[in-house]
Amino acid sequence: MPTPSPHAGSAAPQRFPVVVVGAGPAGLTVGNILRAAGVDCLVLETETREFIERRPRAGVIEEWAVGGLERRGLARTLLRRAQTHTECEFRFAGEGYRLAYTELTGRHHFFYPQQFLVTDLVREYADVRGGEIRFGVREVRLHGTESDRPSVSYVCPESGERHLVEADFVAGCDGARGVTRASLPAGRARIARHDYGVGWLALLAEAPPSSDCVVFGMHPRGFAGHMARGPEVTRYYLQCPPGDDPENWPHERVWAELRARLDAKGAPPLREGRLIEKRVLDMHGYVVEPMTFGRLFLAGDAAHLTAPIAAKGLNLALHDAFLLGDGLVASLTQGDDSALSGYSAACLARVWDYQEFSQWLAEVYHGTASGDAFRAGAALARLRRLFSSPVAAAEFAERYLGVRTTG
Ligand SMILES: Cc1cc2nc3c(=O)[nH]c(=O)nc-3n(C[C@H](O)[C@H](O)[C@H](O)COP(=O)(O)OP(=O)(O)OC[C@H]3O[C@@H](n4cnc5c(N)ncnc54)[C@H](O)[C@@H]3O)c2cc1C
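Add 1083 to the 1-based position in the sequence shown for my numbering, that's all there is to it.
Right, dumping it as structure tokens:
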């Protein structure tokens, strides 16, 4: 629920046309679009700049999303440094099968670690476009979001004082654990949730990649994934029970499982290294509908979480941010509210499409180890179809690469 305005005695209120809560890819992209149009905004972030510039997460960015960043002057460094991915490999029943999606569609994935993108976006927003950003804020609260005069308050890390910022609009871009989604008026949001019933042990290894492409291993012991994160760092995933303790996964056990689950005839041996990140993600997703409440607009993981099954979360965050940034500019500079009115529906079409694809792919990944012979048989049938039907392969490629857009 939105909280009442802070009591008297706080610092004098400030005013910005837009307050953006959260400096992830969504919030920083919105901020950059606003600044490029000369609209003032304030970005509030609970972490430090150093922390968000180093936080490793996603890496796969779809071509249309890079195009959207490029059109907004936000992809110069990315286009210089990103790698391109053109195929992926599925390993199952002791064999490896490559799916050359660029051959099938003419399109590819960009690979650029999320922390590099965040670094570029912060620099452009704060250092080049002169945007205001406050790091390390505490106890962020929203007030009056359904009124014409919403505001956001936070505790300043230096003074310990609560500051109030009034705004025309609030962009809730504070990710899955933020406060903006929790500020929705009770009973006004439908939150659809899906629990995949499995965990993934997310690992970062200080080791060069063991393949020149993304590898998915479907094995009776569980799913395993391999994704390069640079010449010296590789991300691996291991399916595990939800809520498992990462301490149950010492170095030797991790590498033994990865070797077993990613094994295939002719596959090169895994290049092992020190594990520098090890945490368990419970695979679930949610979608908030609608994504707008009065003058509060949710974007990215604040509005919808996609388990990292199909590498869609960052892409959805960027899609929302393009639409929200452009819509706010149209409203604030031309008085045209049409894009903001259609914002939620326009985002949700892609969100549901990507959620459905993730659900489909999750069954391919996890069916084999489900302990249910029917699910295992159906998962194998899906895999065989991918490599026997050109139409099925082309459809997978289309969906894995994401829907083309003009955004
Ligand atoms: C291990 C892992 C791997 C992933 N791999 C992929 C992938 O390959 N491809 C892909 O597309 N997606 C992937 N994702 C998902 C992707 O990282 C997210 O979807 C993406 O970060 C969403 O961006 P966002 O800006 O919405 O939220 P975030 O990146 O979460 O940014 C939100 C920001 O808000 C800040 N914040 C939180 N609370 C508050 C508050 N109260 N006040 C102010 N600020 C606050 C946070 O510190 C953060 O900086 C992965 C995620 C994980 C965890």
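Where a beta carbon is used, it is the ideal one built from N, C-alpha and C, also for glycine. Predicted model, so just to flag it, every value in this text is computed and none were measured.
Mind reading off the beta-carbon distance from residue i to residue j? Whole number of angstroms is fine, and I expect it under 8 Å.
| i | j | result |
| --- | --- | --- |
| F1470 | Y1180 | 5 Å |
| L1434 | M1366 | For the record, residue 1434 in the displayed sequence is Val; it is not Leu. Not quite, the Cβ-Cβ distance comes to about 17 Å (not below 8 Å), so this is no contact. |
| Y1279 | H1449 | 7 Å |
| G1142 | M1310 | 7 Å |
| E1178 | K1348 | 6 Å |
| V1113 | V1102 | Not quite, the Cβ-Cβ distance comes to about 11 Å (not below 8 Å), so this is no contact. |
| G1261 | G1105 | 6 Å |
| L1353 | L1321 | Wrong, their Cβ atoms sit about 12 Å apart, outside the cutoff. |
| F1199 | R1245 | No, F1199 and R1245 are not in contact; Cβ-Cβ is about 34 Å, not under 8 Å. |
| S1038 | K1395 | The shown model of the chain, from 1084 to 1490, leaves out residue 1038, and the question about it has no answer. |
| V1412 | L1117 | 6 Å |
| E1229 | P1268 | 7 Å |
| R1362 | A1307 | Rounded, the Cβ-Cβ distance is 16 Å, inconsistent with contact. |
| F1175 | L1466 | 6 Å |
| R1271 | V1371 | The Cβ separation is near 10 Å, so there is no contact. |
| Y1208 | N1115 | 5 Å |
| P1100 | L1415 | 5 Å |
Let me make sure I understand the geometry here. Which of the options has the alpha-carbon closest to that of residue i?
| i | options | result |
| --- | --- | --- |
| G1156 | R1212, L1484, V1102 | R1212 |
| D1384 | S1236, G1110, F1099 | G1110 |
| L1162 | E1170, E1172, G1151, C1171 | G1151 |
| V1316 | R1357, H1334, G1418, E1153 | R1357 |
| A1390 | A1422, A1445, H1226 | A1445 |
| E1145 | A1428, G1189, G1305 | G1189 |
| A1477 | P1373, L1182, A1428, V1371 | L1182 |
| S1472 | Q1166, G1107, L1187, D1123 | L1187 |
| P1108 | L1364, G1326, V1201, L1463 | V1201 |
| G1497 | A1462, E1439, L1125, G1308 | No information on residue 1497 is available, as it lies outside the stretch 1084 to 1490 that the chain covers here. |
| G1227 | G1219, Y1319, A1250 | A1250 |
| R1132 | A1158, A1432, L1204, L1423 | L1204 |
| C1296 | R1217, A1386, E1170 | E1170 |
| A1382 | V1253, R1206, H1191 | V1253 |
| A1148 | S1421, A1272, L1397, G1425 | L1397 |
| E1360 | P1333, V1122, R1098 | P1333 |
| A1290 | W1338, D1328, I1274 | W1338 |
In the DSSP assignment, the beta strand (DSSP E) including residue i goes from what residue to what residue?
| i | result |
| --- | --- |
| T1317 | 1317-1323 |
| G1282 | 1273-1289 |
| V1137 | At residue 1137 the sequence reads Arg, which differs from the Val that was named. Taken as a continuous stretch (DSSP letters only), R1137 belongs to no beta strand (DSSP E), as it is neither H nor E. |
| V1143 | 1143-1145 |
| G1300 | 1297-1301 |
| R1342 | No beta strand (DSSP E) contains R1342, which is instead part of the alpha helix (DSSP H) from 1334-1344. |
| R1098 | 1097-1104 |
I'd like the span of the alpha helix (DSSP H) that includes residue i, first residue to last.
| i | result |
| --- | --- |
| R1458 | 1456-1469 |
| F1306 | Segment: none, F1306 is in no alpha helix (DSSP H) and carries neither H nor E. |
| V1122 | Counting along the chain, V1122 falls outside any alpha helix (DSSP H), and DSSP gives it neither H nor E. |
| A1269 | A1269 -> no alpha helix (DSSP H), and no H or E assigned at all. |
| V1474 | 1473-1484 |
Can you pull the DSSP bridge partners for residue i?
| i | result |
| --- | --- |
| L1247 | S1236 |
| G1150 | Beta-bridge pairing links G1150 to no other residue. |
| V1262 | The partner list for V1262 (beta bridge, DSSP) is empty, contrary to what the question assumes. |
| D1365 | G1282 |
| Q1442 | None, per the DSSP bridge assignment. |
| V1253 | V1102, L1379 |
| E1360 | L1287 |
| A1311 | T1317 |
| E1372 | R1273 |
For residue i and chain C, any beta-carbon pair shorter than 9 Å?
| i | result |
| --- | --- |
| E1241 | Absence of chain C from the displayed structure is noted, only one protein chain being present. |
Problem set entry | Unbroken stretches of the beta strand (DSSP E), 3 residues or longer, contained in the segment 1153-1232 | If we require 3 residues or more, the beta strand (DSSP E) runs fully inside the segment 1153-1232 come out as 1166-1168, 1171-1175, 1178-1182, 1192-1194, 1215-1217, 1221-1226.
For this session: Pick out the complete alpha helix (DSSP H) segments inside the segment 1381-1458, 4 residues or longer, and give them in chain order.
Result: Runs of the alpha helix (DSSP H) inside the segment 1381-1458: 1396-1417, 1421-1424, 1426-1449.
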